[in-house]
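Presented below is the structure to which this report refers.
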Amino acid sequence: MSHTSDITSGDGTDTGETIEAQQQAIDDLQKRIEELEKAVQTRTERYTILRDIVTKKTDLDSETIDELVERQLESDDR
Numbered sequence: 023m024s025h026t027s028d029i030t031s032g033d034g035t036d037t038g039e040t041i042e043a044q045q046q047a048i049d050d051l052q053k054r055i056e057e058l059e060k061a062v063q064t065r066t067e068r069y070t071i072l073r074d075i076v077t078k079k080t081d082l083d084s085e086t087i088d089e090l091v092e093r094q095l096e097s098d099d100r
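Heads up: the sequence shown begins at 23 in the numbering used here, then just goes up one per residue.
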């Protein structure tokens, strides 16, 4: 005859449930990190495209172009 018992933490919480909750939180955070990485990549791509367009169509200096592109991206984000 075998005997099994639930392992509990010091506060009486079933550690299996705690571990599952922690794993779910980790999974949720990893998913959010992936979403943020995609957002950064998309913004970087948009920045590059806009900068190329402004550079080709104007003879503004690099710093002015960067400012214009950044303002446009901020406006788009709103």
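Don't be surprised by glycine CBs; every beta carbon is placed ideally from N, CA and C.
Here the structure is a predicted model, which is why all the values come from computation and not from measurement.
**Prompt:** For residue 87 versus residue 73, is the C-beta distance shorter than 8 Å?
**Reply:** The sequence position of residue 87 within the sequence shown is 65, counting from 1. The sequence position of residue 73 within the sequence shown is 51, counting from 1. Cβ distance < 8 Å, so residue 87 and residue 73 count as in contact.
**Message:** Quick check on the DSSP output: the alpha helix (DSSP H) that includes residue 50 runs from which residue to which?
**Reply:** Counting from one through the sequence shown, the residue named residue 50 turns up at place 28. It spans 37-79 - the alpha helix (DSSP H) in which residue 50 sits, taken as one unbroken run.
**Message:** Taking only three categories from DSSP, how would you classify residue 90?
**Reply:** To locate residue 90, count along the sequence shown from 1; it is residue 68. Looking at residue 90 - three-state DSSP - the assignment turns out to be helix.
**Request:** List the whole-angstrom C-beta distance separating residue 68 from residue 95, where the pair is believed to meet the contact cut-off of C-beta under 8 Å.
**Result:** If you number the sequence shown from 1, residue 68 lands on position 46. If you number the sequence shown from 1, residue 95 lands on position 73. The pair is a contact, with the Cβ atoms about 6 Å apart (cut-off 8 Å).
**Request:** Would you kindly work out how many angstroms separate the C-alpha atoms of residue 40 and residue 89, rounded to a whole number?
**Result:** Here the question's residue 40 lines up with position 18 in the sequence shown. Here the question's residue 89 lines up with position 67 in the sequence shown. Distance between the alpha carbons of residue 40 and residue 89: 49 Å.
**Asked** Buried or exposed: residue 17, going by 16 or more other Cβ atoms within 10 Å of its Cβ?
**Response** A query on residue 17 cannot be resolved here, the shown segment of the chain reaching from 23 to 100 and no further.
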